[in-house]
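6 protein chains.
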Amino acid sequence: MRILILNVNTTASMTQAIGDSARQAASPGTEIIELTPDFGADSCEGNFESYLAAIAVMDKVVRYTEPYDAVIQAGYGEHGREGLQELLEVPVVDITEAAASTAQFLGHKYSVVTTLDRTVPLIEDRLKLAGLTDRLASVRASGLGVLELESDPQRAVAAIVEQSRIAVEQDKAEVICLGCGGMAELEEQVREATGVPIVDGVRAAVTIAESLVRMGLTTSKVRTYAPPRPKTVTGWPLTQAANAL
Amino acid sequence: MRILILNVNTTASMTQAIGDSARQAASPGTEIIELTPDFGADSCEGNFESYLAAIAVMDKVVRYTEPYDAVIQAGYGEHGREGLQELLEVPVVDITEAAASTAQFLGHKYSVVTTLDRTVPLIEDRLKLAGLTDRLASVRASGLGVLELESDPQRAVAAIVEQSRIAVEQDKAEVICLGCGGMAELEEQVREATGVPIVDGVRAAVTIAESLVRMGLTTSKVRTYAPPRPKTVTGWPLTQAANAL
Amino acid sequence: MRILILNVNTTASMTQAIGDSARQAASPGTEIIELTPDFGADSCEGNFESYLAAIAVMDKVVRYTEPYDAVIQAGYGEHGREGLQELLEVPVVDITEAAASTAQFLGHKYSVVTTLDRTVPLIEDRLKLAGLTDRLASVRASGLGVLELESDPQRAVAAIVEQSRIAVEQDKAEVICLGCGGMAELEEQVREATGVPIVDGVRAAVTIAESLVRMGLTTSKVRTYAPPRPKTVTGWPLTQAANAL
Amino acid sequence: MRILILNVNTTASMTQAIGDSARQAASPGTEIIELTPDFGADSCEGNFESYLAAIAVMDKVVRYTEPYDAVIQAGYGEHGREGLQELLEVPVVDITEAAASTAQFLGHKYSVVTTLDRTVPLIEDRLKLAGLTDRLASVRASGLGVLELESDPQRAVAAIVEQSRIAVEQDKAEVICLGCGGMAELEEQVREATGVPIVDGVRAAVTIAESLVRMGLTTSKVRTYAPPRPKTVTGWPLTQAANAL
Amino acid sequence: MRILILNVNTTASMTQAIGDSARQAASPGTEIIELTPDFGADSCEGNFESYLAAIAVMDKVVRYTEPYDAVIQAGYGEHGREGLQELLEVPVVDITEAAASTAQFLGHKYSVVTTLDRTVPLIEDRLKLAGLTDRLASVRASGLGVLELESDPQRAVAAIVEQSRIAVEQDKAEVICLGCGGMAELEEQVREATGVPIVDGVRAAVTIAESLVRMGLTTSKVRTYAPPRPKTVTGWPLTQAANAL
Amino acid sequence: MRILILNVNTTASMTQAIGDSARQAASPGTEIIELTPDFGADSCEGNFESYLAAIAVMDKVVRYTEPYDAVIQAGYGEHGREGLQELLEVPVVDITEAAASTAQFLGHKYSVVTTLDRTVPLIEDRLKLAGLTDRLASVRASGLGVLELESDPQRAVAAIVEQSRIAVEQDKAEVICLGCGGMAELEEQVREATGVPIVDGVRAAVTIAESLVRMGLTTSKVRTYAPPRPKTVTGWPLTQAANAL
């Protein structure tokens, strides 16, 4: 089977890391196609960037012409999953929800540890819409941005490990979802520091997408995620309509 | 003061109707500027169209060069308000939230009556994020689309009146928010049929925007709605970057 | 238009301050009539005093013989608003709910900072009934009573500023509602110390009352707030029935 | 032990019926003193009447000069219990909460069946404040007023039996709390028609009050229900201050 | 009347202490029969032990051949109450729920203070199923096991007193339920240290069971707690079927 | 990998059907071992039977001596999963939770359709503990028992199809979880009648168990699901201790 995995920002190295991580989790016979949007921010750390990413991801997917079996949106706490579900026939999995759903099989409560304080409400809101907050112990931020994970990894890792430890000891989390990607060593260090299972959203999403495909299940089309009604849509897809705008 | 009010779809006649409605509610001295996005669907009845509208609205607002004091997003149950709040210094008011907040001053429970069944979950989700569902009796749909309000108004009105009546009698709503716009007679007929106050989102939003401006209140910038961090954003605003895409 | 604003305690200087604050927020052409109840406590800091105030406020309003367009109950976290809504045809606005509704347009979460610890549950309960707790970060108390705000303002302000700061930093509030009135400088100092918008309940209530009147909206009379059924009520209004008791 | 039980309306025959019902549930050695407020409505069917009753009940209790061990407020869905808890050292039990607490020991979900539709929100709100709504299946109204229970008992009983049956069959209630008093035969008929346990609030409250006294437990005085702070209260108790008003 | 009270563990000295405590709370004429399960753990501090206790308690009760009027399950946060309700005609009272229900009559919020951190989620989950968490301030653990209460009582008491104090001061509890039994002095010391009422689950359960019996109320049999359908059950009761397994 | 899947009742033909269904969903290389408890009821339709099943399942698993990688508890709405999580090192997946988690990836709201009305509260309670009720539209019962699914399949299927249709049309479910197993044709007929995706708990659980194993994730052992503390457990495992009881 072929799974498209969409980075939400325009940083190609992060797309590559996401693709690599997805391939590690994939079953034999699953092909992972990682895609980078053609417009948007080089990192998503707020609502404007996230809304722009939502459209850029849809824009990218609808122009992808090869067949595929499922789509993963690989941004933590980002907008847009519902739009993809309307546009596509295949299952769509968001990594924020995939991580939380998986965490709930492993412990009584879970926490999400992310980068910036300002993205905490975005993650909380996406989990609220997904109906996954009853067992959410906390969403905690390390205070360091997405790109600092790459520029000063040691300090970034230390801050995330510290917040994970507090989540387990004070907030009573029993599982940690890492709400930021791209660092193999991060997961290992958080696990050692806390003694709890660490869930990576990308890997969780790959296994869920594979499972849905294997069971022949796809998005319900009876109401919320029915295909868009036929109507005039000006300037879509944006990248193809560019000259007309 | 000057208030920008943004239609979320590309149908100019609806923008005009929204502007007229807003002007009716405005205080003396308030100038209403109604704007139509430059791309998107001619009516928003689902997530894809709503996400596209979110970006089209932001795209329109950031290119508006005259001074203004507040912005109203005039789509019922639509995405995007949080992005505007990040991008702008002035207060931003969404009509779905304005209507619900207003309704809560008038009765113990309120209902929203809208057009299509498929938009019910969008409205429910926006009200959930806004923290306005505790006193929500129901969101009900007439089963007729946005554009049918214009093409077969008599049948559309009858269907909306009927759902409003059920909301009051069965769901125990004491106030009705009309989740669809553009018809002066609709409001009067629903009021007569149900005997309850009818809240129009556009008018409610105008009074709230005016009030915030008069009190000197604007969006908090300490966390969720802080301005976007400085970073590379490719292809923004979309209409200006068209050639580059 | 004419708006009655009711102090809930019997301290005339506080009625005056409330009236002055209301007039600052009022539009040109709005007349503010501030009223003091004829019985009750000189400050409301608990349930007994608040229940007594509820009746004293109703007793005052029903004996007011001039025409008016709206009524504001100017007590933070007090009982009684529902009774006024039954007795009156005009809209009734409670300042606790007005402040919270307004705050929700300005930030993702809000806190209320009040005087005494013992009034925190009253405020929480009123917000719970109003359906405004989903985005409530916290209700915090400075530990100083209502009258100490007047007797030792410097210490009172410092305590309220400190709790507001904690609300923003620890509880993640992005807006502060001041649950205590009468000090112009307080608002400014809290804003400077926290960097977030400060909502004053009296002013918020005035703008909401004006808006409802302008839109021609008033309390729904179909169920909860229908006029009292005709029946024998002994000793009402209390001040007129005094001799009979 | 001696228990005061307070009717919330001024109808002496209902006070008598409440007292009789309480005595049936009381243990040997428990003396029941039933009291009628000196002012207020002859039946409580809305917020104004309920707020007035709250103060009239407090006014009656604070002037009662004999010793007693507990107080029961015998109105369904009425305001005021928190005020009594502040004013008194002995335990205070509200019949709405007593019935619901008792019902929860008997079935998975419970319903309340009451008289008028307009009192449904009052009962819902009191149960919400009491934290007793998670297992509440419904509050249903027969559509007949309190006094009609006495004037046309047959029709009143039939209407209440019908709503109880619907509560069990449609709302999945497994226990019924009767939110209206004074008819011995009513309880039996509802039980026969539904096959579920019927909880009477007055009797439940008597057993709870006795239990609290026997265990030496009384209202916590550390915060919410601390005695009122010393201050000037004008016109209290109202019946004694009558001449001064 | 005769009430069976079931210890959930196999430690006879704890059964004795539970029986003694129950007898202190019982009315004259109430006979308390304390029973120890015939299999299971010598203390219940987790789910496996609790599930085993659930079955051991049912196994014990169904083999008890004398008549009785009510059953109390005397384990804090344990599984099984619903099973007893199906098997028996008489009322069944769980001490966790009895304590919480009682606490809610005494203060605005309550906390439970228990022994081990690992039992906190069990207690939280039982209270969630019972619909008693809205006014739950916290469940706190002293960090000491059930049997340490007997082996090093001084240290155990100090730890529980400390957590109770934090519950009142930080979590704003106004009542404490002690989620661990068997020590008369513990209750007194916690009361002195905190100034709030202390509720003992065993005593609360005895008064509730007595009250239900006196009112002639018993478990609803229309749905959830209907008797088991006639079917083949292998190996039940376990202790009688032992040879067959 | 090897996955144990535990039937919760003692009917061998149902164990076989569960095993067959699991094998259909399993990846190549996954071995499914289906197990039947050695005691308990021949179908689980209530709390007593479910608690007994919980212990019988644990009793069976702890005596299984071959190595395995994950355990699935294949009963809908049954007790016991938490106990297995304490006793085992490998991941444990409950089919009720697996189905609901999977359904949430496919539609905005989901319903569960089961057999008997009396099991509805059990399923609701398990989903409540699992934190999976926010998007639950309803749990509906066909009114026919587990064994009738085998004895009169045509009537049973018709009743389940009807309830599924109502769930979609009235309760607004977009996905159906079948809360009863063993019939291949049932799933197909419900899908045809409703047009929505149908989730089978056994198959969903197999894919989730496989995914957890592949990602190297297992139950968190830091608190709730830590191994039982060392202590004296009388009569365990029950089947081995039979002679001692």
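Protein chains in written order, with the UniProt record's numbering: chain A, 1 to 245; chain B, 1 to 245; chain C, 1 to 245; chain D, 1 to 245; chain E, 1 to 245; chain F, 1 to 245. Glycine included, each C-beta is placed from N, C-alpha and C at the ideal position.
Close partners of Ile-55(F) in chain E (Cβ separation under 7 angstroms): Tyr-51, Leu-52 and Ile-55. Residue pairing by DSSP puts Val-139(A) in a beta bridge opposite Val-112(A). Glu-174(B) counts as buried, since no fewer than 16 other beta carbons sit within 10 angstroms of its beta carbon. DSSP lists Ala-74(A) as the bridge partner or partners of Asn-7(A). Within chain F, the residues placing a beta-carbon under 7 angstroms from that of Pro-121(B) are His-108, ordered along the chain.
In the structure shown, Leu-144(B) adopts coil according to DSSP, grouped into three states. Closest by C-alpha distance to Val-93(C), out of Leu-149(C), Gly-80(C) and Gln-163(C), is Gly-80(C).
No Cβ of chain A is located within less than 7 angstroms of the beta carbon of Ser-138(F). Within the same chain, no residue comes within 6 angstroms of Ile-166(A) by CB-CB distance, once the 5 residues on both sides are set aside.
Runs of the beta strand (DSSP E) lying entirely within the region 152–209 of chain B and spanning at least 3 residues, in chain order: 175–179 and 198–200.
For Leu-35(E), the beta-bridge partners assigned by DSSP are Leu-6(E). The beta-carbon separation of Ile-55(F) and Leu-217(F), rounded to 27 angstroms, does not stay under the 8 angstroms limit for a contact. In chain order, Leu-106 and Pro-197 make up the part of chain C whose C-beta sits under 8 angstroms from the C-beta of Thr-218(B).
Interface residue (Cβ-Cβ distance to chain E less than 7 angstroms): Lys-221(F) is not classified as such. Leu-129(E) has a beta carbon lying within less than 7 angstroms of a beta carbon in chain F. Residue-level contact by beta carbon holds for Arg-135(C) and chain B, with a gap shorter than 7 angstroms. With fewer than 16 other Cβ atoms from the protein chains shown falling within 10 Å of its own Cβ, Thr-65(A) counts as exposed. Distances from the CA of Asp-117(C) to each of Tyr-110(C), Thr-133(C), Gln-104(C) and Gly-77(C) were compared; the closest alpha carbon is that of Gly-77(C). Per DSSP, the continuous alpha helix (DSSP H) segment holding Val-61(C) begins and ends at 47–62. Secondary-structure assignment with DSSP links Asp-117(B) through no beta bridge to anything. Put simply, the CB of Ser-211(C) is near chain B, with a gap under 7 angstroms to one of its CB atoms. Residue range 92–94 is occupied by the beta strand (DSSP E) that includes Asp-94(B). Within the same chain, Ile-198 come within 6 angstroms of Arg-191(B) by CB-CB distance, once the 5 residues on both sides are set aside. At a Cβ-Cβ threshold of 7 angstroms, Ala-99(F) and Gly-201(F) count as neighbours.
Collapsing the DSSP output to three states places Val-213(E) in a helix. Separation of Ala-156(C) and Leu-186(C) (C-alpha to C-alpha, rounded to the nearest whole angstrom) is 9 angstroms. Just so you know, the alpha carbons of Val-62(E) and Leu-6(F) end up roughly 27 angstroms apart. Spatial neighbours of Ala-130(C) in its own chain (CB-CB distance under 6 angstroms, excluding positions within 5 residues in sequence) are listed in chain order as Glu-97. In the structure shown, the three-state DSSP call for Gly-107(B) is coil. The alpha-carbon separation between Ala-141(E) and Gly-179(E) amounts to approximately 9 angstroms.
Residues of chain F whose Cβ lies closer than 7 angstroms to the Cβ of Ser-43(E) are, in chain order, Lys-231.
Gly-235(E) and Phe-39(F) do touch by the CB rule: their CB atoms are close to 3 angstroms apart, below 8 angstroms. Shown here, Thr-133(B) sits in coil according to DSSP, grouped into three states, outside any helix or strand. For the C-beta of Glu-86(E), the chain F residues within less than 7 angstroms are, from N- to C-terminus, Gly-46, Asn-47 and Phe-48. Residue state for Thr-102(C) is assigned as helix, using DSSP reduced to three classes.
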